[in-house]
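**Student:** Position one of the sequence shown corresponds to residue 70 (our numbering), numbered consecutively onward.
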Amino acid sequence: MLSNKYVDQYIRKWKSGELILNEKRILLLKLIEKEILPRSDIYYFDEEQINNYIEFSQAWYFELDEWEKFISAFIFLFYKEDDEVVFDEFVINMGRGGGKNGFISTLSNYFVSSLHGIDYYDVSIVANSEKQAKRSFQECYRVINKKGNEDLKEEFEAYKSSLTGLETQSVFEYKTSNASSQDGGREGAVIYDEYHEMENTDIVDVFSGGLGKVDHGRQFFIGTKGFVREGYFDIKYRECEDILNGLTEFKGVFPYICELDAIEEMDNPKNWPKANPALQPPLNKRGKRLFNEVMKKYKKLATEPSGRAAFVTKRMNFLEDNMENSVATREEMMATNRPFFELDTVPIGSIDFGSVRDFATCGLLFKNRKKLEYAFKTFTFAMKHFCDVHYGYSLKEQLVGSEKRAPIKAWERMGLMKVIDEPSLNPKYIVDWFIQAREEYGVRVIVMDNYKADILGPMLEKEGFEVVRLKRPSNLHPLLAPRVEDGFANHKFIFGDNPLMRWFTNNVYVRETQAGKQFLKKEEIKRKTDGFQAFVHALYKATELDDQIDYDEAFDMLDGIDF
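1. From L388 to K294, what distance separates their C-alpha atoms?
2. Thinking D330 and N91 are a contact (beta carbons under 8 Å), I'd like their distance in whole angstroms, please.
3. Between which two residues does the beta strand (DSSP E) carrying I29 extend?
4. How about the region 307 to 318 and the region 115 to 133: do they share at least three Cβ pairs that are nearer than 8 Å?
5. Over the uninterrupted alpha helix (DSSP H) stretch that includes F387, give me the two end residues.
6. Under the rule that 16 or more other beta-carbon atoms within 10 Å means buried, what is S205, buried or exposed?
7. Using 8 Å as the threshold, is the region 181 to 193 in touch with the region 256 to 274, meaning 3 or more CB pairs across them?
8. To the nearest whole angstrom, what separates the beta carbons of V195 and K244, a pair I think is in contact under 8 Å?
9. Starting from E256, follow its DSSP beta bridges and name the residues at the other end.
10. Do C26 and W480 have their C-beta atoms within less than 8 Å of each other?
11. Mind checking who A227 pairs with in its DSSP beta bridge?
12. Find the nearest neighbour of R94 within the set P107, K222, G526 and C327, judged by alpha-carbon distance.
13. What are the boundary residues of the alpha helix (DSSP H) that includes Q201?
14. Per the DSSP calculation, I105 is bridged to which residue(s)?
15. With contact counted as at least three CB pairs below 8 Å, one residue from each stretch, are the region 553 to 567 and the region 403 to 420 in contact?
16. Count the CB pairs spanning the region 220 to 238 and the region 260 to 272 that are closer than 8 Å, and state whether there are at least three.
17. Compute the distance between the beta-carbons of Y122 and V155, then report whether it is under 8 Å.
18. Taking the runs of the alpha helix (DSSP H) that are 4 residues or longer, which of them lie wholly in the region 271 to 346?
19. Between S471 and the rest of its own chain, which residues show a CB-CB distance below 7 Å, the 5 nearest in sequence each way excluded?
20. I'd like to know if the region 279 to 293 and the region 217 to 225 are in contact, where contact means that at least 3 CB-CB pairs between them fall below 8 Å.
21. Three-state secondary structure (DSSP) at N406?
22. Buried or exposed for M392, please, with buried defined as at least 16 other CB atoms from any protein chain shown within 10 angstroms of its CB.
23. Got a sec? Which residues, its chain only, sit under 6 Å from L614 by beta carbon, not counting five neighbours each side?
24. With DSSP collapsed to three states, give me the class of R580.
25. Could you tell me which residues DSSP puts in a beta bridge with S85?
26. Is the beta carbon of K203 sitting closer than 8 Å to the one on I291?
27. Please indicate yes or no: does the CB of R541 lie closer than 7 Å to some heavy atom of the ligand ADP?
28. Taking a contact to mean a Cβ-Cβ separation below 8 Å, would you say F573 touches F601 in this structure?
29. What is the C-beta distance between P324 and V160, in whole angstroms, given that I count them as a contact (C-beta under 8 Å)?
30. Rounding to the nearest angstrom, what Cα-Cα distance links T612 and I417 in this structure?
31. Return helix, strand or coil for K169, following the three-state DSSP convention.
32. Using only CA atoms, which one of S424, D457 and V458 lies nearest to N495?
33. Excluding the 5 residues preceding and the 5 following K446 in the sequence, name in chain order all residues of the same chain whose CB lies nearer than 6 Å to its CB.
34. If you run the structure through DSSP and keep just helix, strand and coil, what is Y79?
35. Could you tell me which residues DSSP puts in a beta bridge with L433?
36. With a cut-off of 8 Å on the beta carbons, I'd call A429 and I477 a contact; round off their distance for me.
Below, the structure is given as structure tokens:
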């Protein structure tokens with residue numbers, strides 16, 4: 070069993086109620102307890118590095134908060150096999166004033182020091198503006214050049230644009246996030262400050278290209294939720310949600326997200342530590358000052374309501390009135406992980422695919438004879454080239470985990486999908502699957518997008534299936550939305566042990582439009598939704614399942630009649 074005093078203390082305080090944590094941090098601790106701490110055969114904490122970093126920070130900068138010590142343990146968590154870092158990305162989201170910049174100042178200075186001990190371990194801090202990028206750098210510069218800190222001057226050479234560790238020749242610099250004017254170097258660590266302002270992945274693509282040339286490469290993403298939607302922040306946030314919800318492996322990315330769980334919590338200051346760990350009692354001097362500042366701004370909302378959006382977003386790290394929400398909560402999605410009831414009725418078939426070069430999902434929707442619930446049984450075909458490019462399918466298992474990708478091989482082993490090594494998907498795979506499903510379950514009707522039916526429709530009809538063509542499936546979403554929401558909320562949907570289907574569902578968000586609700590994809594090309602869209606197609610014809618006669622029940626009734 071792995072143990073580190075800072076991790077153990079953090080978990081103990083949470084369990085005893087001393088720490089007020091939000092749901093995402095609780096999920097993180099549960100993952101750590103389940104996936105990391107029991108595996109002393111795989112991982113180890115580098116106690117020397119952890120203690121050196123904490124002592125260095127507290128000797129020259131300030132007393133670290135509990136959350137900083139907790140995270141530092143995982144910065145120096147390594148694999149026993151090859152001494153590589155377990156987590157190479159740290160996503161740190163919290164309300165303004167939590168101490169994010171101070172934390173990365175101490176880390177940056179430590180990384181270029183002889184205590185860290187890695188030669189040429191350059192550190193770049195990147196932000197949208199020079200002023201923001203310089204903030205942490207200037208803190209280090211001032212500490213090193215402060216009167217009385219002569220010992221640091223012997224260790225570091227600090228200029229106004231760069232700071233060099235003399236023994237390791239590691240350089241700490243600040244840069245602005247103009248991708249067109251930057252070029253990835255040989256960074257050991259890249260810190261993206263206020264990354265919620267980044268509109269796309271361009272700057273990350275540039276700087277991450279410089280990683281891997283020195284040992285123990287790391288990236289840090291720090292910020293609050295901000296106002297830029299569908300930018301890079303949302304991409305990372307959803308990636309973190311997938312990890313915390315158990316949809317992708319807990320390797321590579323360490324998601325430390327502080328936020329309110331509900332907007333109503335804002336009105337009780339006891340909940341504020343959920344969004345900002347610096348407000349966790351007992352408050353130190355800095356915490357008291359921050360609490361007073363936040364309280365002052367909170368009280369101002371009564372007379373200046375126009376400041377509410379900024380307060381909620383920046384201080385509480387919460388997006389209010391967000392009209393784009395996941396189609397189901399984590400609890401609702403996990404409730405679909407139940408054994409199927411007896412699949413003894415004739416199902417509705419459905420299919421959806423975005424392209425013959427990526428994914429295609431076939432589904433069967435059954436209705437329970439005894440209670441109002443539906444089972445959706447699926448099988449997915451995926452093209453190998455697409456899986457190689459986006460999920461590292463052909464990589465060795467240990468490399469796939471480090472890339473934070475969807476576990477395609479695991480889902481294939483579970484019998485949920487098949488990866489096909491062909492240029493494009495042969496429709497015959499789908500036709501054959503439905504023929505087999507007809508032999509087993511009697512499926513006759515198959516629902517699909519009219520666009521996809523051009524080729525598939527005639528092939529299925531030739532085999533005797535009735536094909537229902539949906540001319541504009543998105544036009545049906547407002548009609549089906551109440552059924553979808555009610556089904557998830559009241560646990561009427563059963564997917565069985567099918568993490569692939571839950572992944573599809575998690576990749577969907579609901580957008581309110583003038584025409585009603587739409588089920589849309591969370592923008593990234595690798596976040597597939599085919600299984601969920603096939604599910605919605607089948608729900609369109611779900612009323613036909615209500616009309617089926619229970620012949621067993623009918624014959625039982627006839628047997629009971631005395632003719």
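Here a beta-carbon is modelled for each residue, glycine too, at the ideal position from N, C-alpha and C.
Because the structure is a prediction, the values reported are computed rather than measured.
**Tutor:** Taking the definition as stated:
1. For the purposes of this step, residue 388 is taken as residue 319 along the sequence shown, with counting starting at 1. For the purposes of this step, residue 294 is taken as residue 225 along the sequence shown, with counting starting at 1. When rounded, the distance between both Cα atoms is 7 Å.
2. Taking the sequence shown and counting its residues from 1, one reaches residue 330 at position 261. Taking the sequence shown and counting its residues from 1, one reaches residue 91 at position 22. Their Cβ separation, rounded to whole angstroms, is 5 Å, which keeps D330 and N91 in contact under 8 Å.
3. Here the chain covers residues 70 to 632 and nothing more, so residue 29 does not appear.
4. Cβ pair count under 8 Å is below three, so no.
5. As a first step, residue 387 is located in the sequence shown; it is residue number 318 there, counting from the start. It is not in any alpha helix (DSSP H) - F387 carries neither H nor E in the DSSP assignment.
6. Counting from one through the sequence shown, the residue named residue 205 turns up at place 136. Of the residues assessed, S205 falls on the buried side of the cut-off, its CB having 16 or more other CB atoms within 10 angstroms.
7. Yes, the region 181 to 193 is in contact with the region 256 to 274.
8. Counted from its first residue, the sequence shown places residue 195 at position 126. Counted from its first residue, the sequence shown places residue 244 at position 175. V195 to K244, Cβ: 5 Å. Contact.
9. Here residue 256 is taken as the residue at index 187 of the sequence shown, counted from 1. According to the DSSP secondary-structure assignment, E256 is paired through a beta bridge with D191.
10. In this structure the chain extends from 70 to 632, so residue 26 is not present and cannot be described.
11. Taking the first residue of the sequence shown as position 1, residue 227 is located at position 158. Under the DSSP definition of a beta bridge, A227 partners with L232.
12. Walking along the sequence shown from the start, residue 94 turns up at place 25. Minimum Cα distance to R94 is reached at C327.
13. As a working mapping, residue 201 is identified with position 132 in the sequence shown. Under the DSSP assignment, Q201 falls in the alpha helix (DSSP H) whose first and last residues are E199 to N214.
14. Within the sequence shown, numbered from 1, the residue matching residue 105 stands at position 36. According to DSSP, which records beta bridges pairwise, I105 is partnered with nothing at all.
15. With three or more CB-CB distances shorter than 8 Å, the region 553 to 567 counts as touching the region 403 to 420.
16. Judged by Cβ distances under 8 Å, the region 220 to 238 makes no contact with the region 260 to 272, as fewer than three pairs qualify.
17. Stepping through the sequence shown from its first residue, residue 122 is reached at position 53. Stepping through the sequence shown from its first residue, residue 155 is reached at position 86. Contact: no.
18. Runs of the alpha helix (DSSP H) lying entirely within the region 271 to 346 and spanning at least 4 residues, in chain order: 271 to 277 and 301 to 313.
19. For the purposes of this step, residue 471 is identified with residue 402 of the sequence shown, where counting begins at 1. Here S471 scores only 39 on pLDDT, less than 50, and its place in the model is too uncertain to base an answer on.
20. Counting C-beta pairs closer than 8 Å gives fewer than three between the region 279 to 293 and the region 217 to 225, which falls short of the contact rule.
21. Residue numbering aside, residue 406 sits at position 337 when the sequence shown is read from its first letter. If DSSP states are grouped into helix, strand and coil, N406 belongs with coil.
22. In the sequence shown, residue 392 corresponds to position 323, counting from 1. Note that M392 scores 42 on pLDDT, short of 50, meaning its location in the model is unreliable; the coordinates nonetheless yield the value given after this. Exposed: under 16 other Cβ atoms inside 10 Å.
23. Position 545 of the sequence shown, counted from the start, is the residue given in the question as residue 614. Once the five neighbours on either side are set aside, the close Cβ partners of L614 are K436.
24. Position 511 of the sequence shown, counting from 1, holds the residue named residue 580. Residue state, collapsed to three classes: strand.
25. Start at 1 with the first residue of the sequence shown, and residue 85 comes out as number 16. Bridge partners of S85: none, in fact.
26. By 1-based counting over the sequence shown, the position of residue 203 is 134. By 1-based counting over the sequence shown, the position of residue 291 is 222. At a Cβ-Cβ threshold of 8 Å, K203 and I291 do not count as neighbours.
27. Ligands in the displayed structure: none, and consequently the ligand ADP is not present.
28. The residue you call residue 573 lines up with position 504 of the sequence shown. The residue you call residue 601 lines up with position 532 of the sequence shown. Going by C-beta atoms, F573 is nearer than 8 Å to F601.
29. Counted from its first residue, the sequence shown places residue 324 at position 255. Counted from its first residue, the sequence shown places residue 160 at position 91. Taking 8 Å as the upper bound for CB-CB distance, P324 and V160 are in contact here, some 5 Å apart.
30. For the purposes of this step, residue 612 is identified with residue 543 of the sequence shown, where counting begins at 1. For the purposes of this step, residue 417 is identified with residue 348 of the sequence shown, where counting begins at 1. Each residue's alpha carbon lies about 10 Å from the other.
31. Translated into the one-based positions of the sequence shown, residue 169 becomes position 100. Residue state, collapsed to three classes: helix.
32. To locate residue 495, count along the sequence shown from 1; it is residue 426. Here the closest residue by C-alpha is S424.
33. As a position in the sequence shown, residue 446 is number 377, starting the count at 1. Here the set comprises L433.
34. Counting from 1 along the sequence shown, the entry for residue 79 is found at position 10. Three-state result, Y79: helix.
35. Within the sequence shown, residue 433 is the residue found at index 364, counting from 1. For L433, DSSP records a beta bridge to G418 and K446.
36. The residue you call residue 429 lines up with position 360 of the sequence shown. The residue you call residue 477 lines up with position 408 of the sequence shown. Taking the Cβ atoms as the reference, A429 lies roughly 14 Å from I477, outside the contact range of under 8 Å.
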